[in-house]
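Under the numbering used here, the first residue of the sequence shown is numbered 1, with each subsequent residue one higher.
This report concerns only the one structure given below.
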Amino acid sequence: MLHSLQRSAFLRPRERFHELLALQQIAIGARDGSVAGSDRLADQRTMAGHVQELVQRGLVAVTTVDGAVRYALTEAGSRRLRMLTVDLARELDTLQEATRSLMRANLVTLALDGVQRVVLYPFGETAELTYALVRALDMDVIGIVDDSPRKWGVRFHGLQVQPAATLPALAPDAVLVASAVFQEQILARLATMSLGSMRIHVL
(Lines of atoms letter the chains of each structure in order from A and count residues from 1; the text may use other names and numbers.)
(Lines give C-alpha, C1' and ligand atoms only; values in the text may rest on other atoms or scores of the structure.)
Protein backbone atom coordinates (compact mmCIF):
# COMPACT_ATOMS: atom_id res chain seq x y z
CA MET A 1 0.00 0.00 0.00
CA LEU A 2 3.00 2.33 0.43
CA HIS A 3 3.16 2.84 -3.34
CA SER A 4 -0.30 4.41 -3.17
CA LEU A 5 1.13 7.18 -1.01
CA GLN A 6 4.22 7.63 -3.18
CA ARG A 7 2.24 7.81 -6.42
CA SER A 8 -0.41 10.23 -5.18
CA ALA A 9 -1.53 12.77 -7.80
CA PHE A 10 -2.84 15.18 -5.15
CA LEU A 11 -0.89 14.56 -1.94
CA ARG A 12 2.29 16.63 -2.27
CA PRO A 13 0.42 18.83 -3.53
CA ARG A 14 1.07 18.68 -7.25
CA GLU A 15 -0.14 20.52 -10.36
CA ARG A 16 -3.36 18.48 -10.39
CA PHE A 17 -4.22 19.69 -6.89
CA HIS A 18 -3.55 23.33 -7.74
CA GLU A 19 -5.74 23.01 -10.83
CA LEU A 20 -8.57 21.61 -8.72
CA LEU A 21 -8.13 24.36 -6.13
CA ALA A 22 -8.22 27.12 -8.75
CA LEU A 23 -11.34 25.68 -10.42
CA GLN A 24 -13.08 25.34 -7.06
CA GLN A 25 -12.29 28.92 -6.03
CA ILE A 26 -13.52 30.30 -9.34
CA ALA A 27 -16.71 28.23 -9.19
CA ILE A 28 -17.44 29.40 -5.64
CA GLY A 29 -16.70 33.03 -6.48
CA ALA A 30 -18.85 32.97 -9.60
CA ARG A 31 -21.79 31.66 -7.54
CA ASP A 32 -21.66 34.02 -4.58
CA GLY A 33 -19.80 37.04 -5.96
CA SER A 34 -16.97 36.63 -3.46
CA VAL A 35 -13.30 37.47 -3.94
CA ALA A 36 -12.57 34.05 -5.45
CA GLY A 37 -14.35 35.06 -8.64
CA SER A 38 -12.83 38.52 -8.94
CA ASP A 39 -9.56 40.04 -10.10
CA ARG A 40 -8.15 39.65 -6.56
CA LEU A 41 -7.71 35.97 -7.32
CA ALA A 42 -5.02 36.88 -9.86
CA ASP A 43 -3.15 38.80 -7.15
CA GLN A 44 -2.38 35.53 -5.42
CA ARG A 45 0.94 34.56 -6.92
CA THR A 46 0.49 30.84 -6.32
CA MET A 47 -2.80 30.88 -8.26
CA ALA A 48 -2.23 33.46 -10.98
CA GLY A 49 -0.26 31.17 -13.28
CA HIS A 50 -2.80 28.38 -12.89
CA VAL A 51 -5.70 30.71 -13.69
CA GLN A 52 -4.03 31.99 -16.88
CA GLU A 53 -3.36 28.43 -17.98
CA LEU A 54 -7.00 27.50 -17.31
CA VAL A 55 -8.08 30.45 -19.45
CA GLN A 56 -5.81 29.33 -22.29
CA ARG A 57 -7.23 25.80 -22.07
CA GLY A 58 -10.77 27.10 -22.35
CA LEU A 59 -11.74 26.02 -18.84
CA VAL A 60 -12.18 29.55 -17.48
CA ALA A 61 -13.74 32.62 -19.12
CA VAL A 62 -12.65 36.17 -18.28
CA THR A 63 -15.04 39.13 -18.30
CA THR A 64 -14.83 42.73 -17.15
CA VAL A 65 -17.69 44.14 -15.06
CA ASP A 66 -17.53 47.82 -14.02
CA GLY A 67 -13.79 47.77 -14.57
CA ALA A 68 -13.24 44.65 -12.45
CA VAL A 69 -11.93 41.45 -14.02
CA ARG A 70 -14.00 38.40 -13.14
CA TYR A 71 -13.51 34.72 -13.79
CA ALA A 72 -16.12 32.01 -14.39
CA LEU A 73 -15.94 28.37 -15.36
CA THR A 74 -16.86 27.45 -18.90
CA GLU A 75 -18.89 24.30 -19.55
CA ALA A 76 -15.61 22.47 -20.15
CA GLY A 77 -14.28 23.90 -16.89
CA SER A 78 -17.29 22.62 -14.97
CA ARG A 79 -16.79 19.16 -16.45
CA ARG A 80 -13.10 19.26 -15.55
CA LEU A 81 -13.92 20.31 -11.97
CA ARG A 82 -16.35 17.41 -11.58
CA MET A 83 -13.79 14.96 -12.97
CA LEU A 84 -10.99 16.20 -10.68
CA THR A 85 -13.31 16.13 -7.66
CA VAL A 86 -14.22 12.50 -8.35
CA ASP A 87 -10.56 11.62 -8.92
CA LEU A 88 -9.62 13.26 -5.61
CA ALA A 89 -12.38 11.38 -3.75
CA ARG A 90 -11.16 8.09 -5.19
CA GLU A 91 -7.58 8.85 -4.28
CA LEU A 92 -8.53 9.85 -0.73
CA ASP A 93 -10.18 6.44 -0.32
CA THR A 94 -6.99 4.77 -1.57
CA LEU A 95 -4.79 6.89 0.69
CA GLN A 96 -7.01 6.19 3.69
CA GLU A 97 -6.73 2.45 3.08
CA ALA A 98 -2.95 2.76 2.68
CA THR A 99 -2.79 4.68 5.98
CA ARG A 100 -4.90 2.04 7.72
CA SER A 101 -2.59 -0.70 6.43
CA LEU A 102 0.54 1.09 7.66
CA MET A 103 -0.99 1.78 11.08
CA ARG A 104 -2.31 -1.78 11.37
CA ALA A 105 1.20 -3.14 10.70
CA ASN A 106 2.52 -0.71 13.32
CA LEU A 107 0.04 -1.95 15.94
CA VAL A 108 0.36 -5.66 15.23
CA THR A 109 3.71 -5.77 17.03
CA LEU A 110 2.00 -4.61 20.23
CA ALA A 111 -0.72 -7.22 19.94
CA LEU A 112 1.86 -9.96 19.34
CA ASP A 113 3.78 -8.77 22.43
CA GLY A 114 0.67 -9.32 24.54
CA VAL A 115 -0.29 -5.68 25.04
CA GLN A 116 -3.96 -5.67 25.99
CA ARG A 117 -4.91 -2.37 27.65
CA VAL A 118 -4.03 0.88 25.88
CA VAL A 119 -4.65 4.61 26.26
CA LEU A 120 -4.80 6.96 23.28
CA TYR A 121 -3.01 10.32 23.41
CA PRO A 122 -4.21 12.85 22.19
CA PHE A 123 -7.89 13.19 21.23
CA GLY A 124 -8.32 13.88 17.51
CA GLU A 125 -9.01 12.40 14.09
CA THR A 126 -6.07 9.98 14.27
CA ALA A 127 -7.42 8.68 17.59
CA GLU A 128 -10.66 7.70 15.83
CA LEU A 129 -8.80 5.63 13.25
CA THR A 130 -6.50 4.18 15.90
CA TYR A 131 -9.47 3.15 18.05
CA ALA A 132 -10.98 1.12 15.21
CA LEU A 133 -7.67 -0.62 14.44
CA VAL A 134 -6.95 -1.37 18.12
CA ARG A 135 -10.39 -2.92 18.62
CA ALA A 136 -9.93 -5.02 15.46
CA LEU A 137 -6.74 -6.43 17.05
CA ASP A 138 -8.68 -7.36 20.22
CA MET A 139 -6.93 -4.81 22.39
CA ASP A 140 -8.92 -2.68 24.83
CA VAL A 141 -8.91 1.11 24.78
CA ILE A 142 -9.30 1.93 28.48
CA GLY A 143 -8.83 5.69 28.18
CA ILE A 144 -8.04 8.70 26.06
CA VAL A 145 -6.10 11.73 27.27
CA ASP A 146 -5.31 15.20 25.99
CA ASP A 147 -3.49 18.31 27.21
CA SER A 148 -6.25 20.72 26.18
CA PRO A 149 -8.73 21.51 29.00
CA ARG A 150 -11.47 22.28 26.47
CA LYS A 151 -11.40 18.62 25.38
CA TRP A 152 -11.64 17.17 28.87
CA GLY A 153 -14.97 15.48 29.47
CA VAL A 154 -15.73 15.03 25.76
CA ARG A 155 -17.24 11.60 25.11
CA PHE A 156 -15.30 9.15 22.94
CA HIS A 157 -16.69 5.63 22.43
CA GLY A 158 -18.08 5.48 25.94
CA LEU A 159 -14.97 7.06 27.46
CA GLN A 160 -14.37 10.62 28.61
CA VAL A 161 -11.29 12.51 27.50
CA GLN A 162 -9.12 13.10 30.56
CA PRO A 163 -5.99 15.14 31.37
CA ALA A 164 -2.69 13.46 30.54
CA ALA A 165 -1.86 13.62 34.25
CA THR A 166 -4.31 10.75 34.82
CA LEU A 167 -2.13 8.28 32.89
CA PRO A 168 -0.41 6.74 35.94
CA ALA A 169 -3.79 6.07 37.56
CA LEU A 170 -5.17 4.52 34.36
CA ALA A 171 -2.16 2.15 34.31
CA PRO A 172 -2.42 0.90 30.72
CA ASP A 173 0.01 -1.56 29.18
CA ALA A 174 0.85 1.05 26.56
CA VAL A 175 0.21 4.66 25.60
CA LEU A 176 -0.43 5.11 21.88
CA VAL A 177 0.82 8.48 20.67
CA ALA A 178 -1.64 9.18 17.85
CA SER A 179 -0.39 12.52 16.53
CA ALA A 180 2.29 13.54 14.06
CA VAL A 181 1.85 17.28 14.59
CA PHE A 182 2.21 17.27 18.39
CA GLN A 183 4.38 14.17 18.69
CA GLU A 184 7.47 15.91 20.09
CA GLN A 185 5.49 17.82 22.71
CA ILE A 186 3.64 14.67 23.78
CA LEU A 187 6.83 12.64 24.10
CA ALA A 188 8.42 15.45 26.13
CA ARG A 189 5.37 15.53 28.42
CA LEU A 190 5.46 11.75 28.89
CA ALA A 191 9.16 11.91 29.74
CA THR A 192 8.32 14.02 32.81
CA MET A 193 5.82 11.48 34.16
CA SER A 194 6.37 8.42 36.35
CA LEU A 195 4.98 5.71 34.10
CA GLY A 196 6.94 2.71 35.37
CA SER A 197 6.97 -0.13 32.82
CA MET A 198 4.24 1.46 30.71
CA ARG A 199 5.16 1.32 27.02
CA ILE A 200 5.13 4.41 24.82
CA HIS A 201 4.23 3.52 21.27
CA VAL A 202 4.35 6.14 18.51
CA LEU A 203 2.06 5.59 15.55
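Every residue, glycine too, gets a C-beta built ideally from N, C-alpha and C.
- If R80 and L23 are in contact, beta carbons under 8 Å, what's the gap, nearest whole angstrom? If you number the sequence shown from 1, residue 80 lands on position 80. If you number the sequence shown from 1, residue 23 lands on position 23. Their Cβ separation, rounded to whole angstroms, is 6 Å, which keeps R80 and L23 in contact under 8 Å.
- Query: Looking at the unbroken beta strand (DSSP E) that takes in G143, where does it start and where does it end?
  - Reply: The sequence position of residue 143 within the sequence shown is 143, counting from 1. It spans 140-146 - the beta strand (DSSP E) in which G143 sits, taken as one unbroken run.
- Message: On a Cα-Cα basis, can you pick out the residue from R150, E19, Q183 that is closest to L54?
- Response: For this step, residue 54 is matched to residue 54 along the sequence shown. With distances taken between Cα atoms, L54 lies closest to E19.
- Just the Cα atoms here: how many angstroms apart are L21 and V108? To locate residue 21, count along the sequence shown from 1; it is residue 21. To locate residue 108, count along the sequence shown from 1; it is residue 108. Between the alpha carbons of L21 and V108 lies a gap of roughly 38 Å.
- Query: With burial defined as no fewer than 16 other Cβ atoms inside 10 Å of the residue's Cβ, what is the status of S148: buried or exposed?
  - Reply: Position 148 of the sequence shown, counted from the start, is the residue given in the question as residue 148. The residue is exposed, with fewer than 16 neighbouring Cβ atoms inside 10 Å.
- Task: Could you please give the first and the last residue of the uninterrupted alpha helix (DSSP H) stretch that includes R104?
- Result: Residue 104 sits at position 104 when you count from the first residue of the sequence shown. Its alpha helix (DSSP H) spans residues 75-112.
- Endpoints, alpha helix (DSSP H) assigned at A169: As a first step, residue 169 is located in the sequence shown; it is residue number 169 there, counting from the start. 167-170 is the span of the alpha helix (DSSP H), which, as asked, contains A169.
- Query: From which residue to which residue does the beta strand (DSSP E) around A132 run?
  - Reply: To locate residue 132, count along the sequence shown from 1; it is residue 132. Taken as a continuous stretch (DSSP letters only), A132 belongs to no beta strand (DSSP E), being part of the alpha helix (DSSP H) at 125-136.
- Query: Should P122 and A178 be called a contact, given that it needs their Cβ atoms to be closer than 8 Å?
  - Reply: In the sequence shown, counting from the first residue as 1, residue 122 sits at position 122. In the sequence shown, counting from the first residue as 1, residue 178 sits at position 178. Cβ atoms of P122 and A178: closer than 8 Å.
- Per DSSP, A61 is paired with what? In the sequence shown, the residue the question calls residue 61 occupies position 61. According to DSSP, A61 bridges with A72.
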